[in-house]
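Quick note, the sequence shown lines up with residues 2 to 309 if you use the working numbering. Don't be surprised by glycine CBs; every beta carbon is placed ideally from N, CA and C. Right, one structure below, let's go through it.
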Amino acid sequence: MVFPLKEKNKSDKNKFDHRKLEKIKSMFSKVKCEAQNEIYLNGWSNQNLEKKDNYINCDENINFTFKNYIVKTVKEPDPIVSKSKELRYKSFFGDKKELKIDSDKFDQFCDHLVVIDKSIADDFVVGTYRLLFKPKNIKNMRFYSESEFDLNKLLKIKKLALLEAGRSCVHENYRDGRIIKLLWRGLASYIAQKKVDLIFGCASFPSSNSVLFNKELSYLSHNHLPPKTFNSKPLSHLKARFNKINSEDYDAESVFRSLPPLIKAYIRAGAWISEGAACDHKFNTTDVLIILKSENIIKKYSNLSMKT
């Protein structure tokens, strides 16, 4: 960004106002973030495609160590991002051969929170979270979750700094609880640094055959719906079909124990689960939308004990 200095007249050409220079320096020192270009997803409506989207690149990073682990945020084109995409692919697609990395158009605009086991290698990523931050004063941003859920209610709320957290995964040899704790500690640091108000994102059941999760989806609907102001329903063409079961016809405690670990962790932190679910056939999952006040994560995970 260039701030041109106007000359009062030609006779003043060689005069220099030091007070103006200091003002300009001050302006530059305060500019920490830069708005980025627009991004669109194939298949969205023309109405959506006509809107310009603003994305933010911020220079502030998370970076701390715990024993042999490094926890930090990275951005493209840092090669660590490619390593996190490889881990995502292995976690989400298993042995399928048609892909080598999990990647989409949102990655270039995100902060990628990673845990690295430096005892193996300086780029050996064992856990990752993808973070897309929307400051209060930014409009017309797009989120991955909008490809599955109608977020209009959530996005229309003024003066909220929002964070979409998704693509969370941990290396199969490190699923003893320690890495997910480090990720959540990093997430707590990130949202405190950015002054995030609400976190949201998709969390998954391990099949797109949603009727397998009748009890679980019924339990979530009965116990963890958000306030109407925040409630976001799945897009109609992706809406998961399931038979809602009366709350007296299942044991809530046992159903809670059967939930995927990430969904349980969110609920323990006080998260809401939006109404309904979406079928993601690409990933072969049934997805729900998590909504969580940032203060809950900061309180629970910023000083998290790492004893496991």
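Looking only at Ala189, Val171, Met142, Phe125, the smallest Cα-Cα distance to Gly95 is reached by Val171. Within 10 angstroms of the beta-carbon of Ala122 lie fewer than 16 other beta-carbons, which makes it exposed. Between the region 111-130 and the region 182-191, the count of C-beta pairs closer than 8 Å reaches three or more; the two stretches touch. Partner residues in the beta bridge of Tyr130, as assigned by DSSP, are Leu114. Nearest C-alpha to Lys84 among Asn69, Arg258, Lys101, Tyr70: Lys101.
According to the DSSP assignment, Tyr70 belongs to the beta strand (DSSP E) that extends over 70-75.
Per the Cβ contact rule, the region 253-266 is in contact with the region 220-234 (3 or more Cβ pairs under 8 Å). Between the region 142-149 and the region 264-274, the count of Cβ pairs shorter than 8 Å is below three; the stretches do not touch.
When DSSP assignments are scanned along the region 185-234, the uninterrupted stretches of alpha helix (DSSP H) that are 4 or more residues long and fall wholly within it turn out to be 215-224. A check of alpha carbon separations from Pro207 across Ile268, Cys280, Ile158 identifies Cys280 as the nearest. Rounded to whole angstroms, Phe257 and Ile299 show a C-alpha spacing of 23 Å.
Taking C-alpha positions only, Thr230 is separated from Phe201 by approximately 14 Å.
Just so you know, the alpha carbons of Arg179 and Phe65 end up roughly 15 Å apart. Taking the Cα of Ser169 as reference, the smallest distance to any Cα among Tyr302, Leu188, Thr287 is reached at Leu188. By the CB criterion at 8 Å, Asp288 and Glu149 fall inside the cutoff. Look at Asn64 here: in three-state DSSP terms it is strand. Secondary structure note for Glu149: it is in no beta strand (DSSP E), with a DSSP letter that is neither H nor E. Distances from the alpha-carbon of Leu155 to those of Ile292, Val212, Ile192 put Ile292 closest. Pairing Phe67 with Ile246, the inter-Cα distance amounts to about 44 Å.
Counting other Cβ atoms within 10 Å of its Cβ, Leu88 reaches 16 or more and is therefore classed as buried.
Secondary structure note for Ser169: its beta strand (DSSP E) is the uninterrupted segment 163-171. Contact annotation: Ala162 and Val197 have beta-carbon atoms nearer than 8 Å.
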